[in-house]
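To get my numbering, take the position in the sequence shown, counting from 1, and add 14. Even glycine gets a Cβ: it sits at the ideal position worked out from N, Cα and C. In this text the structure is predicted, and so the values were computed from the model without any measurement. Read through the structure below, which is laid out as C-alpha cells, and then see the notes.
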Amino acid sequence: MKKALPTLFAMLALLGCKDLPENGPTYGKAQIVADETFYPIVDALEKAFEHTYPKASIEVTYLPEVAAFNAFYHDSSAVIICARKLDEKEEAYFKGKNLNPRTAILANDAIALLFNRSLIDTILICEQAIAIIRGDITDWGQLNKTSKTGPIQIVFDNQGSSTLSFLMKQVRTLQPPSNTYALKSTQAVVDYISENENAIGVVGYSWLSDYDDPLCRELRSKCRVASISPCENLAEEGYYQPYASNVLEKAYPFSRQVFAINRETSNGTGTGFAAFMAGEIGQRIISKAGILPAYVVEHNIEIRSEPFKVVE
C-alpha cells in the first residue's frame, strides 16, 4: 500500500477565468465503463461522488472484462474501472490515436471460492485450489473430504469475466477445464451454488465484503466462502479468508488490484471521478466496503480519561 493519499485534484489544471466548459471535474456528465465484478464498490463511489457534487452525473455501464475493454477502445467510455493495466499492444493503439491514458490504482480486491452451505469442511490447501482451477482435480473424493464424492463443477460469473482470466493466469494455463461453466452474473453463481452441492463458485469478493449491505448479507447466507492456505508467503501458516487484512499481509493467495484508466483529453467529469475514487473520500468508501484501499486511510481515535457519566 502507498503511504500517503493523493490530493484529490492534484492532477487537475486550473480552469482560469474563461467561460466554463460543458464538463468539468465537479460538474457535467461522464460515461464510464466498469468491470461488473466491481459493481458494489463502483456503485457506492458513484453515489458518493454525485452526492458530493450535485451538478455532476456519472453514467456507469457494467460489463464483463472483455466487453468493457471493447467499449473503452471504441470511444463510448472515457474511463474504465478494471482488474488489469493496458498491455503494450493496447498502449500502442491509444498512442496511435494521440491519446495518453493515465492509470491509477484504486484498491486490492480478491477472488473468492464459494461452496454449498451443506459442506462443513471449507478449507483448501493452495495446491488443491490451483489443481481444481487447472482441472487436475475433478472429483470431491480427490480432496480427501471423506464425507463427499462426485464430480466438481466450477462456475464463473460470465463469459469474458475478469475472474476467469485472472485465475487462468494465476495457475498458468490458457484454457479452463471442461468442467467449467459460465453463468450470467455473480448473483446467478451464488444461486447455483446454493442449489448444487457439487459446485464451486468463483466470484469477485467485493460482492461479499460489505456486511452492512443487505445484498451482501443475502448472498453470504446462501453459500460458504473457502479458506485457503498461502501459496508463496510460507511464513504464514493456516487458512485464510479473502478479508482485506489477509490481502494486505499476502496471506490470502488470490488477490488482484483494481485500476481506473482514464483517456479523457481534458479535465472533464470522468477525470474528476477518477481523482475522487483515488482521493481520501473514495478510499474511505472502499475501506468501509471491506476491500483493501490502495492508499493508507488514517483513522483518528480520541481517547479521554474522564469517567463515563451514569444516567439513571
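{"Check": "Do Asn-260 and Tyr-253 have their C-beta atoms within less than 7 Å of each other?", "Outcome": "no"}
{"Check": "Around the Cβ of Ile-147, are there at least 16 other Cβ atoms within 10 angstroms (buried) or fewer (exposed)?", "Outcome": "buried"}
{"Check": "Can you tell which of Thr-177, Glu-211 and Tyr-41 has the C-alpha that lies nearest to the C-alpha of Val-80?", "Outcome": "Thr-177"}
{"Check": "By Cβ distance below 7 Å, which residues in the same chain neighbour Leu-306 in space, the five residues on each side in sequence not counted?", "Outcome": "Ala-121, Asn-122, Ala-258, Val-261 and Leu-262"}
{"Check": "Could you check which residue in Arg-238, Ser-223 and Thr-279 has the C-alpha nearest to that of Asp-135?", "Outcome": "Arg-238"}
{"Check": "Which residues in the same chain as Ser-60 place their Cβ atom closer than 7 Å to its Cβ, once the five residues preceding and following it in sequence are excluded?", "Outcome": "The residue asked about is misnamed: residue 60 is Glu in this sequence, not Ser. The answer, listed in chain order, is Ile-72 and Val-74."}
{"Check": "Taking the alpha helix (DSSP H) that Leu-229 belongs to, which residues open and close that run?", "Outcome": "228-234"}
{"Check": "I need the boundaries of the alpha helix (DSSP H) containing Asp-150, first residue and last residue.", "Outcome": "No alpha helix (DSSP H) contains Asp-150, which DSSP labels as neither H nor E."}
{"Check": "Express the C-alpha separation of Asn-276 and Asp-101 in angstroms, rounding to a whole number.", "Outcome": "15 Å"}
{"Check": "How should Ala-106 be labelled, buried or exposed, when 16 other C-beta atoms within 10 angstroms of its C-beta is the threshold for buried?", "Outcome": "exposed"}
{"Check": "Specify whether the stretch 227-246 and the stretch 84-102 touch according to this definition: at least 3 beta carbon pairs, one from each stretch, less than 8 Å apart.", "Outcome": "no"}
{"Check": "According to DSSP, is Asn-122 helix, strand or coil?", "Outcome": "strand"}
{"Check": "Over what stretch of residues does the alpha helix (DSSP H) that includes Ile-55 continue unbroken?", "Outcome": "53-66"}
{"Check": "Bridge partners of Gly-42, per DSSP?", "Outcome": "Ala-70"}
{"Check": "For the candidate residues Glu-278, Phe-273 and Thr-283, whose alpha-carbon lies nearest to that of Ala-48?", "Outcome": "Phe-273"}
{"Check": "If you drop the 5 nearest sequence neighbours on each side, which residues of the same chain put their C-beta closer than 8 Å to that of Lys-69?", "Outcome": "Thr-40, Tyr-41 and Gly-42"}
{"Check": "Mind the definition here: the stretch 207-217 touches the stretch 107-120 only if three or more C-beta pairs lie below 8 Å; say whether that holds.", "Outcome": "no"}
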